[in-house]
Amino acid sequence: MDEGVIDRVRSVITRVSSSQAAFSELVGISADKLSKSLNAVRRFTSLELALIADAGDVSVDWLLTGRTREPALPAVEPSSGDEIRALVDRYAAAYERLRLLGRRPPLPRLPEPPAGPPGATGRALAEWAVTALGVPSVRALPTAELATAVEQAFAVDVALLALPGGADALAWQSAHGRLVLGNVTSRFTRQRFALAHALGHVLAGDAEQPLLDQHLAPGRQRAALEQRADAFAAAFLMPTAEVRAVAGPPVTDAVFAELVGAFGVSAGAMAARLRGLGLLDAARQAELSPWTAARCHPGPAGRQALLARMGAAQAPRLPARLVGELFGAYADGATTLVPLADLLQTPVDDLFATLVAEPSAGRRGYADEPAFLP
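Residue numbers (the numbering used here): 16 to 389.
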């Protein structure tokens, strides 16, 4: 295996564990296999790299290539304001085209955030949102399905893509559209929390100007709006009734691992939530917070489930509701495919070939007509 990969794995071991043996136990890789891989006798498997990346809070891409900076450094590269503006403008243009075509239904009203401290108002807003979501269980929904439920319940367009600068999430809203964008990453717990955090901003009406979240640090936010969005995310992803149904008390090690795995959040987020619900004291929270995802997904089946979650978090997701509206306008003859192609940043001919394999004679060449630009 590339010496650079081994060096980066060694740097993770040095940073997060007292010894190679302790790290082996932490990530669930046998000491013999870890030693052989570090000495270039065997190659790390994809699962092992995923477990090491999770333990070190780095990406698998960084372990393999070194191209992505380590989260231990102060911050990611600053995002380009022009890139963010161009990204938001693509969605704004789609909303405006649909509005002028008369195909953009009015957005449902959102409740006024209750008055009070940021934490309390965030949790109250989350309780309303969980009820309005209308699903039997939040924890049972994989992130992609949760995004679909959010689109249907709140008319918020949700997409997963490579955000500029490796940002965690972006939130924006206008009179005609609500938008939450999440970053594709192997760190599925960060992705899930960032999406919920951005949704909290939108539902609270915070995002009339684009809000970009980079390196979210739950519990260490200073701005009141960020504290409220953090509290919302925690209570939305870990609803009180659902947590209490699993948690006990007492919260044993096995119960804690089950909770982290069931809700798809980090150990730190779950420990903080349990403390807030009075199910853990400070000492127990400090003991459980550093647990890795590998420790919370024990056994071969748990490790495979962890790897599947990491893989799913790296898959892009289109904003299904908005894409459906744009394609519906095309299918009804109200416009061409150009507005949809503009949103997806896809050549019109490629999109036409994908969506309309055998166009009827009456519509042949329709994609080459001038775009309807109201």
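C-beta: ideal position from N, C-alpha, C; glycine also.
- A buried status is given to residue 279, since no fewer than 16 other beta-carbon atoms sit within 10 Å of its beta-carbon.
- The beta-carbon separation of residue 64 and residue 25, rounded to 14 angstroms, does not stay under the 8 angstroms limit for a contact.
- Minimum Cα-Cα distance from residue 116 among the listed residues 325, 354, 154, 153 corresponds to 354.
- Closest in alpha carbon position to residue 114, among 197, 17, 319, 192, is 192.
- Counting the other CB atoms within 10 Å of its CB gives residue 265 a total below 16, which places it among the exposed residues.
- For the alpha helix (DSSP H) assignment, the uninterrupted runs of no fewer than 4 residues enclosed by the region 309 to 354 are, from N- to C-terminal side, 314 to 328, 335 to 346.
- In the three-state scheme derived from DSSP, where H, G and I count as helix and E and B as strand, residue 149 is classed as coil.
- Under the Cβ criterion (8 angstroms, minimum of three pairs), the region 189 to 209 counts as touching the region 325 to 345.
- In this structure, residue 307 lies near residue 70, with their beta-carbon atoms less than 8 angstroms apart.
- The DSSP-derived three-state label of residue 195 is strand.
- Our two residues, residue 364 and residue 334, have alpha carbons roughly 21 angstroms apart in a direct line.
- Bounds of the alpha helix (DSSP H) holding residue 78 are 75 to 80.
- For residue 17, there is no enclosing beta strand (DSSP E), as DSSP marks it with neither H nor E.
- The region 36 to 65 contains, as complete alpha helix (DSSP H) runs of 4+ residues, the segments 46 to 53 (chain order).
- When the beta-carbon positions are compared, residue 216 and residue 238 stay at least 8 angstroms from each other.
- The C-alpha of residue 74 lies about 15 angstroms from the C-alpha of residue 309.
- For the set 218, 157, 207, 208, the Cα lying nearest the Cα of residue 171 is the one of 218.
- In terms of Cβ geometry, residue 150 and residue 251 do not form a close pair [threshold 8 angstroms].
- If you check the CB distance, residue 352 and residue 337 do not come in under 8 angstroms.
- Just measuring C-alpha positions, the residue of 228, 199, 223, 224 sitting nearest residue 212 is 228.
- Taking one beta carbon from each stretch, the region 155 to 175 and the region 283 to 298 have fewer than 3 pairs nearer than 8 angstroms; the two do not touch.
- Residue 134 and residue 45 have their C-alpha atoms spaced approximately 42 angstroms apart.
- With a contact defined as Cβ atoms closer than 8 angstroms, residue 107 and residue 357 miss out at about 11 angstroms.
- DSSP places residue 289 inside the alpha helix (DSSP H), whose first and last residues are 282 to 291.
- If you draw a straight line from the Cα of residue 319 to the Cα of residue 259, it is about 27 angstroms long.
- For residue 173, the enclosing beta strand (DSSP E) begins and ends at 172 to 176.
- When the beta-carbon positions are compared, residue 33 and residue 49 stay at least 8 angstroms from each other.
- Collapsing the DSSP output to three states places residue 296 in coil.
- For the region 207 to 233, the full-length beta strand (DSSP E) segments reaching 3 residues or more read 226 to 228 along the chain.
- Secondary structure note for residue 185: its beta strand (DSSP E) is the uninterrupted segment 184 to 188.
- If you compare the alpha carbons of 137, 104, 156, 120 with that of residue 127, the shortest gap goes to 137.
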